[in-house]
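Remarks on the structure that follows.
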Amino acid sequence: TLLGVICTDVKVEQKTLKKLLSLANAGSFNSISVDGEMSTNDTVALLANGAAAPEDVAAVNITSKTLDGDAKALLGVLSEVMQDLARLVVCDGEGATKLITIRVRTTRGMESAKSAASRIARSLLVKTALYGKDANWGRILSAIGAIDVPMQEVEEVVPHQTTVSFAPADGSAPLPLVTRGTPEQVDEARASEILEADKVEILVDLADGNVKGDTVECVFRTCDLSHEYISINADYRS
Amino acid sequence: QRSIPVAKQKYVPSSGSYPKGFIVGAAHAGVKPSNTEYDDVALIITRKPCHTAAVFTTNRFKAAPVTYSMKFLKNNESHIRGVVINSGCANAVTGDVGMKHAKEMAAEASKCFGDELPSTLVMSTGVIGQTLPIEKIVPAIAEAARALGSDHQHWMKTAQAICTTDTFPKLVSRSFRLPSDPETEYRIAGVTKGAGMIHPNMA
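Chains as they are written, first to last, in this note's numbering: chain A, 4 to 241; chain B, 71 to 273.
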């Protein structure tokens with residue numbers, strides 16, 4: 004179960020508070036997974052008491068369709084705090100030894116990016132391969148191919164436009180594994196080096212070479228799956 | 071307090087900047103029989119009731135505190151005093167008695183602040199399918215209400231008290247300014263918990 008309480012002393016108009024929480028939650032707590040299990044108790048509350056606001060300062064509110072001014076600044080701070088908290092949850096995943104950041108880019112809308120990222124994050128075989136430091140890209144493709152986004156007219160996943168790489172969290176050069184559906188000659192030594200670290204990124208482009216549409220990116224965080232997860236949960240009795 | 075594995079200590083802050091008007095605290099109830107020493111009840115309170123928003127699980131078997139808080143928030147979203155939280159038992163799949171216990175937690179928390187009517191949200195986490203030891207939790211809420219404070223130690227104790235299989239308390243805080251009012255320093259702080267049964271899809 005995920006519980007969260009965020010408190011601020013800013014004065015915020017009620018509807019705006021709900022909107023800001025919903026937006027910040029989408030990119031933080033709703034973009035993580037430890038074991039793919041949704042709890043019966045997940046709750047995150049945001050309280051804004053205005054205690055630091057001078058009397059004459061108006062409440063932060065969303066005045067236009069696009070967020071601007073104070074509302075945009077407050078969303079930035081709130082998103083940062085919630086993403087930091089969400090990351091701490093994944094770092095502490097039961098039995099976790101690695102923080103895995105999955106970045107899925109596509110021109111076919113955020114929903115299919117998120118569905119693919121979430122599907123990779125829930126793959127027991129991807130998570131166990133990463134625990135074993137195995138650059139098993141076949142399992143990543145298999146997970147992507149199984150996404151359950153209702154098939155629209157436009158294919159969500161096109162094998163010859165799908166590119167997958169591993170990247171170290173230190174920002175150095177990614178290691179291509181599959182480019183537009185064709186496997187690369189993987190540099191095993193480099194792969195092992197990347198997978199030795201406690202932070203790994205999986206980069207997926209679902210529309211590599213597709214020129215139509217704007218590219219969106221979903222960032223989803225998960226952890227690897229170890230023997231310890233089973234030990235902890237084999238005896239957490241109801 | 072629980073010991074924190076060396077590898078995880080880098081995630082635990084040693085100080086923070088905490089928002090004005092919020093007081094927090096924790097107490098030991100012994101919700102799980104095996105817990106004989108650690109705090110497992112927490113209160114996060116604002117001196118003046120305030121605007122509040124929340125997102126909840128979309129799991130169809132919503133726990134009693136979720137159902138209670140969803141309903142309560144719908145009718146009181148601009149006038150919330152805070153949140154009362156227990157760890158060790160989820161109060162989930164517990165039928166009518168579970169809802170009764172969630173209400174008792176809210177009533178006890180509100181009573182501590184002289185609020186005639188309930189004014190807090192309720193959260194629970196832990197084992198599913200067991201009823202809350204409410205007779206232990208109610209006095210612990212009163213004890214937590216006597217132990218409230220606004221410094222880093224109080225926020226840290228609160229973050230610790232809501233943990234279940236977590237190996238370290240999760241607490242983040244920031245100070246910031248807003249473009250329209252650069253003279254004023256504002257602050258934000260958040261606590262969270264979670265280590266298993268984690269794939270939220272809250273709305």
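A virtual CB, placed ideally from N, CA and C, is assigned to each residue, including glycine.
In terms of beta-carbon proximity, K117 (chain A) stays away from the interface with chain B, with every pair separated by 8 Å or more. Annotation for L143 (chain B): A124 place their beta carbon closer than 6 Å to its own, counting only its chain and skipping 5 residues before and after. Distances from the alpha-carbon of R90 (chain A) to those of A:V189, A:R193, A:L5, A:G216 put A:L5 closest. Residue environment for R111 (chain A): buried (at least 16 other C-beta atoms within 10 angstroms of its C-beta).
Taking a beta-carbon distance threshold of 8 Å, E40 (chain A) counts as an interface residue toward chain B. The alpha-carbon separation between G96 (chain A) and C226 (chain A) amounts to approximately 7 Å.
Contact between the segment 144-164 of chain B and the segment 92-103 of chain B is present: three or more C-beta pairs spanning the two stretches fall below 8 Å. By the beta-carbon neighbour count (other beta carbons within 10 angstroms, threshold 16), H269 (chain B) is buried.
Within the segment 85-106 of chain B, those residues whose Cβ lies closer than 7 Å to any Cβ of chain A are, in chain order, P89, K90, G91, F92. Cβ contact annotation for E178 (chain B) (same chain, cutoff 6 Å, sequence separation greater than five): V208, I211, in chain order.
Here T106 (chain B) carries a coil assignment [DSSP, helix/strand/coil].
When DSSP states are grouped into helix, strand and coil, I35 (chain A) belongs to the strand group. Exclusion of the five residues before and after L26 (chain A) leaves L78 as the residues of its chain whose Cβ lies within less than 7 Å of its Cβ. Using a Cβ-Cβ cut-off of 8 Å, L113 (chain B) does not count as an interface residue toward chain A, since no Cβ of chain A sits closer than that to its own. In its chain, beyond the 5 residues on either side, no residue has a beta carbon closer than 7 Å to the beta carbon of A77 (chain B).
Of all residues in the segment 70-87 of chain A, the ones placed with a Cβ closer than 8 Å to any Cβ belonging to chain B are G72, D73, A76, L77, V80, L81, E83, V84, M85, D87, in chain order. Proximity of chain A to D236 (chain B) at the Cβ level (cut-off 7 Å) is accounted for by D95, in chain order. With distances taken between CA atoms, L180 (chain A) lies nearest to A:L206 out of A:L206, A:G98, A:A29. Rounded to whole angstroms, V60 (chain A) and I258 (chain B) show a C-alpha spacing of 18 Å. Residue state for G219 (chain B) is assigned as strand, using DSSP reduced to three classes. Under the 8 Å criterion on CB atoms, F142 (chain B) is classed as non-interfacial with respect to chain A. Ranked by Cα distance from L202 (chain B), the first of B:P239, B:S245, B:P103 is B:P103.
For P119 (chain B), the enclosing beta strand (DSSP E) stretches over residues 111-126.
DSSP places V207 (chain A) inside the beta strand (DSSP E), whose first and last residues are 202-208. For E147 (chain B), the chain A residues whose C-beta falls within less than 7 Å of its own C-beta are Q17, listed in chain order.
According to DSSP, residue pairing for G79 (chain A) in a beta bridge does not occur. Every beta strand (DSSP E) of 3 residues or more that sits fully in the segment 143-179 of chain B is shown, in chain order, as 150-159. With a contact defined as Cβ atoms closer than 8 Å, E147 (chain B) and T164 (chain B) miss out at about 26 Å. Per the coordinates, the alpha-carbon of D221 (chain B) lies some 21 Å from the alpha-carbon of S73 (chain B).
In this structure, C221 (chain A) keeps its C-beta atom at 8 Å or more from the C-beta atom of A146 (chain A). Close CB contacts of A273 (chain B) within its chain, under the 8 Å cut and outside five residues either way in sequence, are with V125, F126, T128 (chain order). One thing to note: A160 (chain B) has its Cβ within 8 Å of the Cβ of V197 (chain B). Contact annotation: in the segment 242-266 of chain B, residues whose CB is within less than 9 Å of a CB in chain A are V242, S243, R244, F246, R247, L248, P249, S250, D251, E253, T254, E255, Y256, R257, I258, A259, G260, V261, T262, K263, G264, A265, G266.
Nearest in C-alpha terms to S189 (chain B), of all of B:C120, B:L248, B:L218, is B:C120. One alpha carbon belongs to T234 (chain B), the other to V242 (chain B), and they sit about 18 Å apart. At least one CB atom of chain A sits nearer than 8 Å to the CB of V153 (chain B).
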